[in-house]
Amino acid sequence: MPVIDVHSHDVPRGWPDLSEVTGAPGPWPWLRLETERDAMIMVGDREFRRINDRCWNPQVRAADMAADGVDIQVVSPTPVFFSYDRPPTEAAAIARVFNDLALEICAPMPDHLIPFCQVPLQDVDAACTELDRCLAAGHRGVEIGNHVGDRDLDDPGTVEFLQHCASVGAPVFVHPWDMTSSPRISRWMAQWLVGMPAETHLTILAMILGGVFDRVDESLRICFAHGGGSFAFWLGRFDNAWHQRPDVIGVSERPPADYLNRFSVDSVVFEPAALRLLVDTLGADHVMLGSDYPYPLGERPVGNVVRSSDFLSDAERDAILGNNATRFLALDPTSGGHHE
Ligand code: CO
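The sequence shown: position 126 = 714 (my numbering), numbered continuously.
And the structure:
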């Protein structure tokens, strides 16, 4: 059984000037290389995030994977490049740039690095077109941000895109991004520590109450990052509200707990007690190893919490470490990571 990490990110080692790619003025992300191994993602003249060659060098990733006992990484874009707030033609052009560069990063290790693409989610036709192009070119699924401005994933266009993903068999990884900004949540790293889990919680709620799971085909394979945020912890409050306040909340056809078999979450929650809550709430067949590699808020060694959680049976641990992701990615389970 291959050990599969469904939550990692890449950043290419540079990219074309996005003002030329789009024909539109920035501020656009660009990469300020500081050494051969270190760089700063810039947005205009603002420093966004310090990164290193783990983001773009497959050999460096391979060494880390070997050290951590990971056979396969799903490699998703870093959300700062989504560009959902730009006109669709600009976002589509940017998606093409980063999706093609992601293929180059993963190409040297096709059995170990599985690229997921980004799409211009603000426009359903453009998003479907880019997904189809990417699947034909070698991408194996798609990462989407958890919202497009004020539109959550129950937005009709997004639902149509998710239905397209189900139709073509593309797995979907949902990542929080573009967190609410206010002076209170802009201190420390509160946008990441509180904002991201709340974003994901809100999006799962929106998919349930907005009737997305009622409308989209059951074959949709969808996974939420960071253990689904704070969703599992507050499921009881949600279910109680659904029953007690139908005047406010009775939109979905069935109570929230009835939809738990429709999605998965990753395991990057650090504490065995938190992992246990996910397994108890969603079932061990709906939790998949994730790490957020190579970023500092991710888990290293990858899989530490799964391997050290002694409440898991061997079968449950194997499910979380790889067997669930084998199905999520539609890998051939007999070929040790080779795809069909
Ligand atoms: Co991440």
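Positions of the beta carbon are idealized from the N, C-alpha and C atoms, including for glycine.
ask   = So, using beta-carbon positions, are C643 and H700 closer together than 9 Å?
value = no
key: Close-in-space but distant-in-sequence residues of the same chain around F812 (CB under 7 Å, 5 per side omitted)   = V762, T788, I792, F851 and V853
task = Pick out the complete alpha helix (DSSP H) segments inside the region 828-861, 4 residues or longer, and give them in chain order.
result = 834-837
Unbroken beta strand (DSSP E) run spanning R638, endpoints = Per DSSP, R638 belongs to the beta strand (DSSP E) from R634 to N640.
message = Let me check you understand the geometry: is the CB of S664 closer than 8 Å to at least one non-hydrogen atom of ligand 1?
response = At least one heavy atom of ligand 1 lies closer than 8 Å to the C-beta of S664.
ask   = Since R620 sits in a beta bridge, which residues does DSSP pair it with?
value = M628
key: Straight-line gap, Y672 to L808 (C-alpha atoms, nearest Å)   = 23 Å
query = When you compare only the Cα positions, how much space is there between L917 and A724?
reply = 15 Å
ask   = Cα-Cα, which of A680, L741, S879 and T768 is closest to L797?
value = L741
ask   = What's the call for A651, buried or exposed, on a 16-neighbour Cβ count within 10 Å?
value = exposed
ask   = Got a sec: does ligand 1 put a non-hydrogen atom nearer than 8 Å to the Cβ of D766?
value = Between ligand 1 and the CB of D766, the shortest heavy atom gap is not smaller than 8 Å.
key: Residue burial classification, G925 (beta-carbon count within 10 angstroms, cutoff 16)   = In this predicted model, G925 has a pLDDT of only 48, less than 50, meaning its place in the structure is not dependable; the value taken from the coordinates is given anyway. Answer is buried; the Cβ neighbour count reaches 16.
ask   = In terms of alpha-carbon separation, which member of S774, I908 and R728 lies closest to G871?
value = I908
query = Can you find a heavy atom of ligand 1 that lies under 8 Å from the Cβ of D880?
reply = yes
inquiry  = Is it the case that the region 775-790 contacts the region 742-759, given that we only count it when at least three CB pairs across the two stretches are under 8 Å?
reply    = no
request  = Check whether the Cβ atoms of P771 and R728 lie closer than 9 Å to each other.
outcome  = no
ask   = So who's on the other strand from F812, going by DSSP bridges?
value = V762 and V853
request  = State the DSSP-derived secondary structure class of L606, mapped to helix, strand or coil.
outcome  = helix
Q710 - DSSP class collapsed to helix/strand/coil = coil
message = Among the candidates A654, Y847 and N640, whose CA atom is the shortest distance from the CA of F819?
response = Y847
task = Pull up the DSSP beta-bridge partners for L660, would you.
result = A small correction: the amino acid at residue 660 is Ile; Leu does not occupy that position in the sequence shown. I592.
inquiry  = For a test of your reading of the model: does the CB of G783 fall under 8 Å from any non-hydrogen atom of ligand 1? Yes or no.
reply    = no
query = What did DSSP end up calling V894 once you bin it into helix, strand or coil?
reply = helix
message = Quick check on G925: does DSSP put it in helix, strand or coil?
response = At G925 the pLDDT is 48, less than 50, meaning the model places this residue with poor confidence; the figure from the coordinates comes in the next sentence. Note: G925 maps to coil in three-state DSSP.
Those runs of the alpha helix (DSSP H) which lie wholly inside the region 682-740 and span at least 4 residues = Counting only runs of 4 or more, we get 712-725.
ask   = If you drop the 5 nearest sequence neighbours on each side, which residues of the same chain put their C-beta closer than 8 Å to that of D688?
value = A distance below 8 Å between beta-carbons, with the five flanking residues on each side excluded, links D688 to the following residues of its chain, in chain order: A725.
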